[in-house]
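The sequence shown lines up with residues 45 to 305 when you count with this note's numbering. Here the structure is laid out as structure tokens; the discussion comes afterwards.
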Amino acid sequence: MDLDLDGNSALVTASSSGLGFASAQALAAEGANVMLCGRDEKRLEAARDEIAETATGEVRAQQADLTAPADVSQLVTETVDAFGGLDHLVTSAGGPPSTTFLGTDERDWYQAYDQLVMSVVWTIEEAHAHLLESDYGSITCITSRTVREVADGLLLSNSVRRSVIGLVKTVSREFAPEIRVNAVLPGTIETPRIEELIEANIDRGVYDDYEEGLTALASEIPMDRIGEPRELGDIVAVLSSPCASFVNGVAVPIDGGLLRS
45 MDLDLDGNSA LVTASSSGLG FASAQALAAE GANVMLCGRD EKRLEAARDE IAETATGEVR
105 AQQADLTAPA DVSQLVTETV DAFGGLDHLV TSAGGPPSTT FLGTDERDWY QAYDQLVMSV
165 VWTIEEAHAH LLESDYGSIT CITSRTVREV ADGLLLSNSV RRSVIGLVKT VSREFAPEIR
225 VNAVLPGTIE TPRIEELIEA NIDRGVYDDY EEGLTALASE IPMDRIGEPR ELGDIVAVLS
285 SPCASFVNGV AVPIDGGLLR S
């Protein structure tokens, strides 16, 4: 299917690896001009070069810390200057550390809120005027299945990410019809984040090794496997495209049927 994204411009945050990378890769393969961002310059450059191998649009990269509003403002400015405008925004962020309530201090809460919520708020604030000028304006926020069902040991993700869903639903009504706003809820997908969580459970004695962790996670999923990042990235591309022109204010699970709610 042609998603009709040729020549569109997209900014994908936290896109040097994981689900942000997969989303940027999918958009670039469909002909969109894509700006990547990340904090690690070397990893960001490697991501840009890899995506460029299959891209039919232009791929650029800008180093940025999404918890620094000045960096976010510069990131959006650089994107607009590079591509002459902005049509699609995809927000992503790395997950906070695995922790429990009694093992979490006040600073952890504030850091998680800046990382997962305020990064989205600041990016949308900066991008809004440019998206409003587009004929195809869209925002897609990558969150987590934990906004619907909590996961043991993921206190901060369980608690804080739900704010993004409230934000998505609210601005989807405020910004329509000019800008569509949606969310995707990844389940168990093999990314560096999942690797970190498995390693944390190995340290706790839950699993003996990484393969045991993968097998255990897959056993909970009706599809009997964990997901690939690009399987989520492709849905992000669809939601950004005119093919989803009547889809607004939804939160789509990409989880192989894991959620029971």
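For glycine and all other residues, C-beta sits at the position ideal for the given N, C-alpha and C. Here the structure is a predicted model, which is why all the values come from computation and not from measurement.
When the Cα atoms are used, what is the spatial distance from residue i to residue j?
i	j	result
threonine 235	serine 142	15 Å
threonine 57	isoleucine 168	11 Å
leucine 276	leucine 160	19 Å
glycine 181	arginine 248	45 Å
glycine 196	serine 163	Reading off the sequence, residue 196 comes out as aspartate, not glycine. Spanning the two alpha carbons is a distance of roughly 25 Å.
isoleucine 242	glycine 128	42 Å
glycine 293	arginine 206	14 Å
glutamine 69	glutamate 85	18 Å
glutamate 170	valine 120	7 Å
aspartate 109	alanine 137	10 Å
serine 147	tryptophan 153	Inspection of the sequence shows that residue 147 is occupied by glycine rather than by serine. C-alpha separation (whole angstroms): 11 Å.
asparagine 245	glutamate 150	24 Å
glutamate 272	histidine 172	31 Å
leucine 258	aspartate 268	11 Å
glutamate 255	isoleucine 270	12 Å
glutamate 208	isoleucine 95	The sequence given here places valine at residue 208; glutamate does not occur at that position. Roughly 28 Å separates the two Cα atoms.
glycine 101	valine 215	29 Å
aspartate 299	proline 113	32 Å
glycine 75	alanine 99	7 Å
methionine 79	leucine 303	32 Å
aspartate 125	aspartate 253	47 Å
isoleucine 279	leucine 130	20 Å
proline 240	lysine 213	The amino acid occupying residue 240 in the given sequence is glutamate; proline does not appear at that position. About 30 Å.
histidine 132	proline 286	11 Å
May I ask which residues mark the beginning and end of the beta strand (DSSP E) holding residue i?
i	result
lysine 226	Looking at the sequence itself, residue 226 is asparagine, so the reference to lysine does not match. Segment 224–230, the beta strand (DSSP E) holding asparagine 226.
valine 191	Per DSSP, valine 191 belongs to no beta strand (DSSP E) and is neither H nor E.
isoleucine 233	Isoleucine 233 -> no beta strand (DSSP E), and no H or E assigned at all.
isoleucine 168	It is not in any beta strand (DSSP E) - isoleucine 168 instead sits in the alpha helix (DSSP H) that spans 163–176.
alanine 54	53–56
glycine 82	77–82
leucine 133	132–135
Between the Cα of residue i and the Cα atoms of the options, which residue gives the shortest distance?
i	options	result
serine 117	Cys81, Thr98, Gly139, Leu88	Cys81
glycine 28	Glu122, Tyr157, Glu218, Asn226	In this structure the chain extends from 45 to 305, so residue 28 is not present and cannot be described.
serine 59	Val103, Asp50, Asp48	Val103
aspartate 50	Gly64, Leu71, Phe65	Leu71
arginine 274	Ala126, Phe65, Leu47	Phe65
valine 308	Ala244, Arg237, Pro221	This structure cannot settle anything about residue 308, because the visible part of the chain is limited to 45 through 305.
leucine 261	Val280, Val225, Gly301	Gly301
threonine 111	Thr123, Asp253, Thr144, Val165	Val165
Give me the Cβ distance between residue i and residue j, rounded to the nearest whole Å; I'm assuming they're in contact under 8 Å.
i	j	result
serine 289	threonine 184	Not really, about 14 Å apart at Cβ, beyond 8 Å.
alanine 281	leucine 47	6 Å
alanine 322	arginine 92	With the chain running from 45 to 305 in the structure shown, residue 322 is simply not present.
When you compare the CB positions of residue i and residue j, do they come within less than 8 Å of one another, or not?
i	j	result
serine 61	asparagine 77	no
serine 178	valine 134	no
proline 230	arginine 189	yes
threonine 232	isoleucine 186	no
glutamate 202	valine 296	Here residue 202 turns out to be asparagine, not glutamate, going by the sequence shown. No, they are not a contact pair.
leucine 176	threonine 123	no
threonine 144	leucine 88	no
May I ask which residues mark the beginning and end of the alpha helix (DSSP H) holding residue i?
i	result
alanine 114	113–127
asparagine 202	199–204
glutamine 107	No alpha helix (DSSP H) holds glutamine 107; the beta strand (DSSP E) holding it covers 103–107.
isoleucine 95	85–96
valine 294	From DSSP, valine 294 is part of no alpha helix (DSSP H); its letter is neither H nor E.
glycine 257	254–263
leucine 276	273–284
arginine 151	150–157
phenylalanine 65	62–73
Against chain B, with Cβ distances strictly below 8 Å, would residue i count as a contact?
i	result
glycine 75	Given the protein chain composition of this structure (a single chain), no chain B is represented.
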